[in-house]
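Student:
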Amino acid sequence: MKIVAVDVMIIEAEAPANRARCRPVYCRIHTDEGIYGDGEASVMMMTGAPAAFSMLKDLSGQIIGLDPLDNEVILEKLHRNTYFAINGGPIVQSAFSAIDIALWDIKGKVFNVPVYKLLGGKLYDNLRCYASQINYGWGMLQSDAVTPEEYAARAREAVAQGYDAVKADFFELDAQGYPMSAKARTGILPESYLKVVEARVAAVREAMGDGDIIAECHGYTDTVSAAQIADCIREYRIAYLEEPNMSFYPTVKKLDEQAGMRLAAGERLYSRKDYLPFIQNQALQVLQPDIGNCGGITETRKIADLASVYDIGIQLHCAGSPLCLAASLHLEAVLPNFLIHEHCCVQERDYVRKLAKYDYQPVNGRIAIPELPGIGNELSDYTLSRCKKVTVK
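Straight run, no breaks: the sequence shown in the numbering used here ends on number 423.
(1) So the candidates are Thr61, Ala132, Ile33 and Ile59; which of them puts its Cα closest to the Cα of Gly326?
(2) DSSP state of Ser72, grouped into three classes?
(3) Tell me where the alpha helix (DSSP H) around Arg235 begins and ends.
(4) Examine the Cβ distances between the stretch 42–60 and the stretch 356–370 and report whether three or more of them are shorter than 8 Å.
(5) State the Cα-Cα distance for the pair Ser72 and Gly322, rounded to the nearest angstrom.
(6) Buried or exposed: where does Asn165 fall if 16 or more other Cβ atoms within 10 Å of its Cβ makes it buried?
(7) If you compare alpha carbons, which of Thr328, Phe278 and Gly217 is closest to Ile309?
(8) Give the DSSP-derived three-state secondary structure of Gly343 in the structure shown.
(9) Using a Cβ-Cβ cut-off of 6 Å (strictly less than) and excluding sequence neighbours within five positions of Glu246, which residues of its own chain qualify?
(10) For the candidate residues Met39, Gly119 and Asp88, whose alpha-carbon lies nearest to that of Arg298?
(11) Quick check on this structure: which residue in Gln191, Ser173 and Ile121 has the alpha carbon closest to the alpha carbon of Leu203?
(12) Count the other CB atoms, across all protein chains shown, that sit within 10 Å of the CB of Lys303; report buried if there are 16 or more and exposed otherwise.
(13) Near Glu228, what residues of its chain come up, given a Cβ to Cβ distance below 7 Å and the 5 sequence neighbours on each side ignored?
(14) By a C-beta neighbour count over all protein chains shown, 10 Å radius and 16 as the cutoff for buried, is Asn101 buried or exposed?
(15) Quick check: the Cα distance between Val339 and Leu99, rounded to an integer number of angstroms?
(16) Among the residues of its own chain, which have a CB less than 6 Å from the CB of Tyr388, if the five just before and after it don't count?
(17) Taking its Cβ as the centre, do 16 or more other Cβ atoms sit within 10 Å of Ser301, making it buried, or is it exposed?
(18) How would you write the range of the alpha helix (DSSP H) that Asn101 sits in, first residue to last?
(19) Could you give the first and the last residue of the continuous alpha helix (DSSP H) run that contains Thr281?
(20) May I ask you to list the residues that DSSP assigns as paired with Arg58?
(21) Out of Arg184, Ala35, Ala182 and Lys418, state which residue places its alpha-carbon closest to the alpha-carbon of Val95.
(22) Name, in chain order, the residues that DSSP records as bridge partners for Val145.
(23) Have a look at Tyr146 and Gly207 and give me their C-alpha separation to the nearest angstrom.
(24) Can you give me the Cβ contacts of Ala82 inside the same chain, cut-off strictly under 7 Å, excluding the 5 residues immediately before and after it?
(25) What does the Cβ neighbour count give for Asn275, buried or exposed, with the cut at 16 atoms within 10 Å?
(26) Just how far apart, CA to CA, sit Ile136 and Gly69?
(27) Only counting the same chain, and skipping five residues up and downstream in sequence, which positions put a Cβ closer than 6 Å to that of Pro178?
(28) Ignoring anything shorter than 4 residues or poking outside the stretch 262–336, list the alpha helix (DSSP H) runs there in chain order.
(29) Which of helix, strand or coil does DSSP assign to Lys197?
(30) Rounded to whole angstroms, what's the CA-CA distance from Asp341 to Thr61? Just pull it up for me.
(31) Can you tell me the Cα-Cα spacing of Trp168 and Leu285, whole angstroms?
(32) Quick one: residues in its chain with C-beta nearer than 8 Å to the C-beta of Asn367, no 5 flanking neighbours on either side, listed in chain order?
(33) How is the alpha helix (DSSP H) around Ala356 delimited, first residue to last?
(34) Tell me whether the beta-carbon of Ser255 lies closer than 8 Å to the beta-carbon of Thr216.
(35) Going by C-alpha to C-alpha distance, which of Ile405, Ser410 and Tyr412 sits closest to Ala128?
(36) Comparing alpha-carbon positions, which option in Tyr113, Tyr390, Leu369 and Pro144 lies nearest Tyr270?
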């Protein structure tokens, strides 16, 4: 079997004007036996998608004529033969990810099994999920949360759907609903702002009862301000503080010594080399690699295996389209150190759900593992008919 062509695609999703621009990037790898596989580069939100599209187009020419079942061989060739790819980065690694996911999709279809079978078999039939980014709207409540009661209402909406865990960014908007500037979220924070943050967290804790709360910082805070926030919200039993500062090992380690709560990060780390100091020195208790930007299923599995040696949990960052969601479920299902699945608010929205053929959604806070051959999803007719496509042969 040989690879004969690669379709590289980008589509402008029909996101409302008040939502971040959404431009998923995909590839479809074709073989001489008529089997194809779909993959995704997970840089669809805001900036980066056109660069990933161009990188994926450039890389695709290197895999024509190769055996798609030799995914490790192909990844090694791409890393070694792409001059600026040795140390990765989000654009290079997201393009590698799309190719790798598509190759696993082909492999599953060739052997007529779901990808989780090829990874060693699933440990779980379904996965516990958390409702992610409820502050941007959840369920019937699709506006941004600002007041403590609005945060609580979105938490109650998630609980009514069966979730027993939620994640929110309590720090992005000020008390009037205006975005905080980067400067305002770093350094010593004023007591007035900390009181706004605490009131929001307290409201969600009351709404959740014994449920879990994950506090998201998006890397907007720094070591000083994140330590203040940790002091402010510790009593509300936070499951973990996510991306509390830039993912730079010395500052994360310093915060780990000060915060007094579990720290999580990883969506902006892109390879085993990036993760290694955090794992070896146990600066993070939860790792969040994104299967669509850190090298695909192959590299993410290696990161997870390294983490398991140190009893570090894995919660994949999952804010891509339904294609990357399906691939993530296969890997999470086989990991002994899997913690919980992120079901992001964007995966609730129609303009994202229609991008792929199958729509995997949680039921009562749990999501099933795809059982179709390959990753169990492929691009929809809607996407194929509307995307910008370049075919590399």
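The beta carbon of each residue, even a glycine, is placed where N, CA and C say it ideally should be.
Tutor: By the coordinates alone:
(1) Taking each of Thr61, Ala132, Ile33 and Ile59 in turn and checking the Cα distance to Gly326, the smallest one comes out for Ala132.
(2) Residue state for Ser72 is assigned as coil, using DSSP reduced to three classes.
(3) First-last of the alpha helix (DSSP H) with Arg235: Glu221 to Met238.
(4) These segments do not touch.
(5) Distance between the alpha carbons of Ser72 and Gly322 is about 4 Å.
(6) Buried.
(7) Looking at Thr328, Phe278 and Gly217, the one whose alpha-carbon comes closest to that of Ile309 is Phe278.
(8) In this structure, Gly343 counts as strand in the three-state DSSP scheme.
(9) Closer than 6 Å at the Cβ level, and outside the excluded window around Glu246, lie Lys197, Asp199 and Glu272.
(10) Nearest Cα to Arg298 within the set Met39, Gly119 and Asp88: Gly119.
(11) Distance check between Leu203 and each of Gln191, Ser173 and Ile121 places Ser173 closest, using alpha-carbon atoms only.
(12) Using a 10 angstroms sphere on the CB of Lys303, the tally of other CB atoms stays under 16, which defines it as exposed.
(13) These residues qualify, in order along the chain: Cys262 and Ile263.
(14) By the C-beta density criterion, Asn101 is buried, having at least 16 other C-beta atoms within 10 angstroms.
(15) Rounded to whole angstroms, the separation of the alpha carbons of Leu99 and Val339 is 28 Å.
(16) Asn407.
(17) Buried.
(18) That run of the alpha helix (DSSP H) goes Asn101 to Asn111.
(19) Its alpha helix (DSSP H) spans residues Tyr279 to Ala289.
(20) Beta-bridge pairing links Arg58 to Asp37 and Asp68.
(21) Before going on, a small fix: residue 95 reads as Gly here, not Val. In terms of Cα proximity to Gly95, the closest of Arg184, Ala35, Ala182 and Lys418 is Ala35.
(22) Val145 is not bridged to any residue.
(23) Distance between the alpha carbons of Tyr146 and Gly207: 43 Å.
(24) Cβ within range, chain order: Val55, Ala71, Val73, Ile121, Ser124 and Ala125.
(25) When all chains shown are included, Asn275 counts as buried.
(26) Each residue's Cα considered, the two are about 10 Å apart.
(27) Ala229, Arg230 and Ala233.
(28) Those alpha helix (DSSP H) runs which fall completely within the stretch 262–336 and span 4+ residues are 279–289 and 302–310.
(29) If DSSP states are grouped into helix, strand and coil, Lys197 belongs with the strands.
(30) So the two alpha carbons sit approximately 40 Å from each other.
(31) Computed Cα separation, rounded: 31 Å.
(32) Closer than 8 Å at Cβ, skipping near neighbours: Ala334, Ala337, Ser338, Asp341, Ile342, Gly343 and Ile344.
(33) In the DSSP assignment, Ala356 falls within the alpha helix (DSSP H) that extends over Pro352 to Val364.
(34) Yes, these two residues count as a Cβ contact at 8 Å.
(35) Distances from the alpha-carbon of Ala128 to those of Ile405, Ser410 and Tyr412 put Ile405 closest.
(36) Comparing Cα-Cα distances from Tyr270 to each of Tyr113, Tyr390, Leu369 and Pro144, the minimum goes to Leu369.
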